[in-house]
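Here the sequence shown stands for residues 14 to 141, numbered as in this note's numbering.
Each residue gets a CB set at the ideal place from its N, CA and C atoms; glycine is no exception.
This structure is a prediction, so every number in the text was calculated from the model and none was measured.
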Amino acid sequence: MARILFIEPDRILGANAKRIMKRAGHGVDWHVDPQAAMDSADSIRPDIVILDLMLASRSGVEFLYEFRSYPEWSEVPVIIYSSVPAEEFNADYIGFNQLDIAAYHYKPAATIAELLRSVDRILQPVSR
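Spelled out as structure tokens, the structure:
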């Protein structure tokens with residue numbers, strides 16, 4: 014079971030995705046507000062973060078820069094799940110590689126099932 018920090022501003026999508034991820038056996042801490050998500054990261058110690066780039070109070074990129082500034086969160090995998098096409102994100106933000114994004118899902122073309130497969134793939138223990 015993974016502890017997922019999920020930042021999604023759409024309440025309907027967020028509630029449905031949380032329900033599906035919980036049914037798959039994951040613990041999900043869902044937030045609409047990125048500051049609330051940042052505050053809760055201390056207590057839940059997420060295994061992975063799923064984040065939209067289009068947030069109300071600040072951009073997802075700003076959230077990521079702050080999140081990555083804490084040493085204890087620098088290695089936590091991040092999945093972007095956004096309506097912003099990956100090409101547009103890459104063009105706008107030179108720091109894409111610097112932010113260590115593990116996967117990028119374009120909402121109009123991705124399902125929650127695909128998102129879960131990414132979570133499982135990223136968190137799968139590496140065989141030696």
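8 Å CB neighbourhood of residue i in its chain, flanking five on each side removed
i	result
histidine 118	Ile92, Ile93, Tyr94, Ser95, Glu127, Leu128 and Ser131
glycine 40	Met14, Ala15, Arg16, Ile17 and Ile57
leucine 136	Ala15, Asp60, Ile61 and Pro90
glycine 27	Phe19, Glu21, Trp43 and Val45
Residues near residue i in its chain [Cβ-Cβ closer than 6 Å; skip 5 each side]
i	result
phenylalanine 76	Pro47
phenylalanine 80	Trp86
Residues bridged to residue i (per DSSP)
i	result
valine 91	Val62 and Ile114
glycine 40	Arg16
7 Å CB neighbourhood of residue i in its chain, flanking five on each side removed
i	result
alanine 115	Pro90, Val91, Ile92 and Ile135
Within-7 Å CB hit, residue i to chain D
i	result
serine 82	Looking at the structure shown, chain D is missing, and only one protein chain is on hand.
Inter-residue spacing [alpha-carbon to alpha-carbon] between residue i and residue j
i	j	result
histidine 44	serine 82	20 Å
arginine 144	aspartate 52	Nothing about residue 144 can be reported from this structure: the residues present for the chain run from 14 to 141 only.
Nearest-angstrom beta carbon gap, residue j and residue i [assumed within contact, 8 Å]
i	j	result
leucine 66	serine 72	6 Å
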